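Engineer:
Next comes the structure, spelled out in structure tokens:
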């Protein structure tokens with residue numbers, strides 16, 4: 071009973087945070103703008119990659135909210151964990167950002183993506199553990 | 099073991115009335131013996147509950163002493179008195195007295211768990227079974243009826259098999275069937291060796307009494323000398 | 143088991159527990175966030191003071207009218223200006239000067255490595271007394287031709303090669319973080335920067351007017367000789383040397399110090415307001431919950447709890463919610479301030495240097511302790527009332 075409500079909250083959290091990652095990278099904490107000559111700097115491609123990862127995470131979050139089977143849910147939640155961590159470390163660690171740490175991609179985009187990605191991973195991991203517990207209890211009953 | 103009140107009285111100060119002192123309980127002696135169920139009758143406001151609270155160690159009398167065996171309750175520190183009440187005096191207070199954050203069996207086990215002792219959960223479940231609410235052990239109190247809550251309080255008071263069991267209006271707002279059952283439970287506790295005092299303003303409890311006392315405006319009197327133990331008139 | 147009564151009661155009243163926890167979290171959040179920010183600003187100012195490292199700076203007069211100089215040194219903007227070496231020599235002849243060293247400024251074009259221009263600062267290793275000691279902390283060797291030292295915020299590492307105006311420069315060292323314009327600048331020897339200036343000129347990218355780069359400097363850093371007052375030297379230079387401006391570094395920093403004092407005051411007021419409000423609400427919540435729970439305390443009393451145990455129950459619950467809230471608030475504050483410190487820095491426009499990890503941990507622990515203590519203080523009043531509870535009267539009130 072109680073677990074159900076917790077799971078519901080966690081599902082919603084994963085979905086909302088993923089959506090926030092997705093929308094936020096494009097609108098709120100986007101990378102540096104285009105150069106004067108119209109070309110893009112490195113960080114733009116990191117932004118695009120995070121956006122794509124955000125879409126994948128949002129879809130996974132939707133699945134998590136709709137799928138009923140405890141075992142399946144646990145699987146989806148577990149799958150989200152490495153995906154979210156990958157998204158968190160895409161900027162700079164996978165795709166290098168701009169030259170100066172004072173630039174927007176370093177000072178705004180990277181920390182925001184890091185915090186959101188890690189939060190999604192933590193929520194998904196907790197979701198996975200609780201789902202597994204619930205599945206076990208169901209088996210017992 | 100015997101619980102005795104020697105020369106006890108309780109005096110309150112009232113500021114609004116003309117006479118600013120009045121005796122809720124006039125000086126009296128009372129003795130509760132093991133294996134006996136004493137029923138104290140009287141109208142509401144006659145001082146019954148005050149007497150019971152003094153006997154329970156919850157209200158210091160204005161004069162006199164309460165003795166449990168040789169121990170003067172009010173000579174003890176609050177800590178020692180509390181521990182003594184936990185172990186030796188079961189109190190069934192008026193009204194609904196449960197902790198809503200605990201389930202039924204946790205409520206009953208309180209006198210053990212309070213001091214970090216083993217909960218004796220099996221005993222508690224058996225006791226609740228005997229009281230007819232064994233099926234409700236793991237339920238939260240919010241789902242219980244008034245009669246069921248009363249039995250939880252009775253079970254809590256009886257779990258440690260205290261030497262003294264004090265019940266304040268245990269059958270108030272219970273139907274006849276439940277009243278019978280509750281008084282029967284208390285009687286059983288007396289037969290198991292406890293000194294039981296039941297305070298009530300309802301008739302019908304007399305049938306269970308080994309001794310019957312009556313209280314009238316703070317004065318205590320033995321109604322029918324069912325036993326020969328010394329009971330003096332109030333004053 | 144008694145402990146679990148504390149926790150069970152908290153779990154049994156989720157709303158009250160949540161309110162208490164969130165409130166204490168808010169207290170911890172503001173106090174830690176505010177403290178870290180104010181400390182970082184203080185450290186930033188301190189770092190700037192010691193990085194400027196000179197009593198007096200002398201720049202060409204044009205640089206001060208266009209605010210170029212302040213922007214470079216205080217805001218970390220890029221720019222350049224030059225004056226004839228002859229003027230510099232005149233300055234050097236003024237009385238009371240202890241140490242004097244020239245610096246050369248150059249702004250890289252936004253090409254090659256760097257997506258935005260980088261300030262390049264050249265110094266004379268022979269006479270320098272402001273940059274060398276700082277570089278020495280991270281680099282033992284001496285700078286060879288085309289060696290550069292990069293500031294901490296530059297995304298380049300030792301061994302990397304950066305190209306400025308077609309000249310390949312090797313990163314010899316990376317400086318520690320300073321929270322000042324040092325962090326985004328590139329440092330190099332006078333010899334290297336002269337060649338960079340020459341290349342830029344060859345590419346037609348820097349405007350030196352009619353100055354001869356080999357006979358130009360950007361600014362002079364001066365330390366007063368022992369026993370001399372910097373103010374007098376400044377007056378002396380401004381009076382006797384034409385078309386230069388001598389500035390006391392202390393005065394330059396005073397603007398920043400004012401800004402810092404303003405921000406500190408705002409943060410201090412914010413913390414105080416949140417704490418006063420938080421305390422009042424905590425007090426109310428505890429008092430209300432005690433009134434509402436009187437009956438439950440009477441039950442515990444009947445079951446054999448001593449007065450001390452009741453007070454203890456209230457205090458322990460306050461400690462648990464305080465601890466939970468404190469830890470939550472601290473985590474929130476750290477998640478908000480640590481990753482976003484650069485964004486905060488640019489928003490505040492003040493030098494910003496995060497305290498060392500150990501200090502942050504210490505602050506965090508102090509914030510948790512403070513939240514727990516506040517919760518305990520708010521609960522203490524209620525605990526005292528509970529310990530005086532008249533069980534008989536409460537039960538009587540039921541009739």
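Chains as they are written, first to last, in the numbering used here: chain Z, 71 to 211; chain H, 99 to 333; chain A, 143 to 541.
Backbone N, C-alpha and C define an ideal beta-carbon position, used for all residues, glycine too.
Keep in mind that this is a model prediction, so the values were computed, not measured.
1) Count the other C-beta atoms from every protein chain shown that fall within 10 angstroms of the C-beta of residue 342 of chain A, then say buried if there are 16 or more, exposed otherwise.
2) Is residue 317 of chain A near residue 280 of chain A, with beta carbons less than 8 Å apart?
3) Mind listing which residues of the segment 164-183 of chain Z have their C-beta closer than 9 Å to chain A's C-betas, in chain order?
4) Name the chain A residues whose beta carbon is nearer than 8 Å to that of residue 185 of chain Z?
5) Taking only three categories from DSSP, how would you classify residue 325 of chain H?
6) How would you list, in chain order, the residues of chain Z whose beta-carbon sits under 7 Å from the beta-carbon of residue 345 of chain A?
7) Taking Cβ to Cβ, would you say residue 461 of chain A is nearer than 8 Å to residue 514 of chain A?
8) What's the gap between the Cα of residue 159 of chain Z and the Cα of residue 184 of chain Z?
9) Based on the DSSP output, what are the partners of residue 187 of chain H in its beta bridges?
10) In chain Z, which residues lie with their C-beta within 7 Å of the C-beta of residue 326 of chain A?
11) Which residue marks the beginning of the beta strand (DSSP E) containing residue 244 of chain A, and which one marks its end?
12) Which partner residues of residue 226 of chain A appear in the DSSP bridge assignment?
13) Who are the neighbours of residue 157 of chain H on chain A, taking C-beta pairs under 9 Å?
14) How is residue 96 of chain Z classed by DSSP in three states: helix, strand or coil?
15) Bridge partners for residue 198 of chain Z per DSSP, in chain order?
16) Would you tell me roughly how many angstroms separate the C-alpha atoms of residue 301 of chain H and residue 422 of chain A, rounded to the nearest one?
17) Contact between the segment 174-194 of chain A and the segment 473-492 of chain A is defined here as three or more beta-carbon pairs at a separation below 8 Å; is this criterion met?
18) Just checking my contact of residue 364 of chain A with residue 263 of chain A at CB under 8 Å: how many whole Å lie between their CB atoms?
19) Pick helix, strand or coil for residue 138 of chain Z, following the three-state DSSP scheme.
20) Would you identify the three-state DSSP class for residue 218 of chain H, choosing helix, strand or coil?
21) Using a Cβ-Cβ distance under 8 Å, would residue 444 of chain A count as near chain H?
22) Could you give the C-beta distance for residue 297 of chain A and residue 179 of chain Z, rounded to a whole number, given that I count them as a contact under 8 Å?
23) Are residue 159 of chain A and residue 484 of chain A close, meaning C-beta to C-beta below 8 Å?
24) Rounded to the nearest angstrom, what separates residue 169 of chain H and residue 204 of chain Z at their Cα positions?
25) Given 8 Å as the limit, is there contact between the segment 142-153 of chain H and the segment 517-531 of chain A, that is, 3 or more CB pairs closer than that?
26) With contact counted as at least three CB pairs below 8 Å, one residue from each stretch, are the segment 215-229 of chain H and the segment 262-272 of chain H in contact?
27) Is there a Cβ from chain Z that is less than 8 Å from the Cβ of residue 295 of chain A?
28) Which residues in chain H sit within 9 Å of residue 441 of chain A, going by Cβ to Cβ distance?
29) Could you check which residue in Z/207, Z/210, Z/157 and Z/82 has the C-alpha nearest to that of residue 137 of chain Z?
30) Return the first residue and the last residue of the beta strand (DSSP E) that residue 331 of chain A is part of.
31) Can at least three beta-carbon pairs, one atom from the segment 217-231 of chain A and one from the segment 408-420 of chain A, be found at a separation below 8 Å?
32) By a C-beta neighbour count over all protein chains shown, 10 Å radius and 16 as the cutoff for buried, is residue 197 of chain Z buried or exposed?
33) Quick one: what does DSSP say residue 305 of chain A is sitting in, helix, strand or coil?
34) Note down, in chain order, every chain A residue with its Cβ under 9 Å from the Cβ of residue 212 of chain H.
35) With distances taken from CA atoms, which of A/221, A/290, A/286 and A/196 is nearest residue 244 of chain A?
36) If residue 196 of chain H sits next to residue 226 of chain H, beta carbons under 8 Å apart, how far is it from one beta carbon to the other, in whole angstroms?
Structural biologist: In brief:
1) So residue 342 of chain A counts as buried.
2) Contact flag set, yes.
3) Cβ contacts with chain A: 166, 167, 168, 169, 170, 171, 172, 173, 174, 176, 177, 178, 180, 181 and 182.
4) Identification of chain A residues near residue 185 of chain Z by a Cβ-Cβ cut-off of 8 Å yields 477 and 481, ordered along the chain.
5) With a pLDDT of 45 at residue 325 of chain H, under the threshold of 50, the modelled position of that residue is not reliable, and no figure is offered here.
6) Ordered by position in chain Z, no residue passes the 7 Å Cβ test against residue 345 of chain A, which lies about 17 Å from the chain.
7) Yes, the pair counts as a contact, with Cβ atoms nearer than the cut-off.
8) Taking C-alpha positions only, residue 159 of chain Z is separated from residue 184 of chain Z by approximately 7 Å.
9) Paired residues: H/262.
10) By Cβ distance, chain Z contributes 170 and 172.
11) Start and end: 239-249.
12) For residue 226 of chain A, the beta-bridge partners assigned by DSSP are A/358.
13) Those within 9 Å of residue 157 of chain H in chain A are 532, 533, 534 and 535.
14) In the structure shown, residue 96 of chain Z sits in a helix (DSSP, three-state: H, G or I).
15) The partner list for residue 198 of chain Z (beta bridge, DSSP) is empty, contrary to what the question assumes.
16) Their Cα atoms are separated by approximately 52 Å.
17) Taking a cut-off of 8 Å for Cβ pairs, the segment 174-194 of chain A and the segment 473-492 of chain A touch, as three or more such pairs fall below it.
18) Not confirmed; about 17 Å, so no contact.
19) Under the three-state reduction of DSSP output, residue 138 of chain Z falls in the coil class, being neither helix nor strand.
20) Collapsing the DSSP output to three states places residue 218 of chain H in coil.
21) Put simply, the CB of residue 444 of chain A is near chain H, with a gap under 8 Å to one of its CB atoms.
22) Wrong, their Cβ atoms sit about 14 Å apart, outside the cutoff.
23) Against a cut-off of 8 Å, the Cβ pair of residue 484 of chain A and residue 159 of chain A comes out as no contact.
24) Near 54 Å, if we compare the C-alpha coordinates of residue 204 of chain Z and residue 169 of chain H.
25) In short, these stretches do not touch, since the Cβ pair count stays below three.
26) Touching, no.
27) Contact with chain Z is found for residue 295 of chain A, since one of that chain's Cβ atoms lies less than 8 Å from the residue's Cβ.
28) Proximity of chain H to residue 441 of chain A at the Cβ level (cut-off 9 Å) is accounted for by 191, 195, 196, 197, 205, 208, 251 and 254, in chain order.
29) Distance check between residue 137 of chain Z and each of Z/207, Z/210, Z/157 and Z/82 places Z/82 closest, using alpha-carbon atoms only.
30) Residue 331 of chain A -> beta strand (DSSP E) spans 327-331.
31) No, because fewer than three Cβ pairs between the segment 217-231 of chain A and the segment 408-420 of chain A fall closer than 8 Å, the two stretches do not touch.
32) Buried, since its Cβ has 16 or more Cβ neighbours within 10 Å.
33) Under the three-state reduction of DSSP, residue 305 of chain A is assigned to strand.
34) Going along chain A in sequence order, the residues near residue 212 of chain H (Cβ under 9 Å) are 143, 144, 147, 442, 445, 446, 447 and 451.
35) Residue 244 of chain A has its Cα closest to that of A/196, out of A/221, A/290, A/286 and A/196.
36) That belief does not hold up - the Cβ atoms of residue 196 of chain H and residue 226 of chain H are roughly 13 Å apart, past 8 Å.
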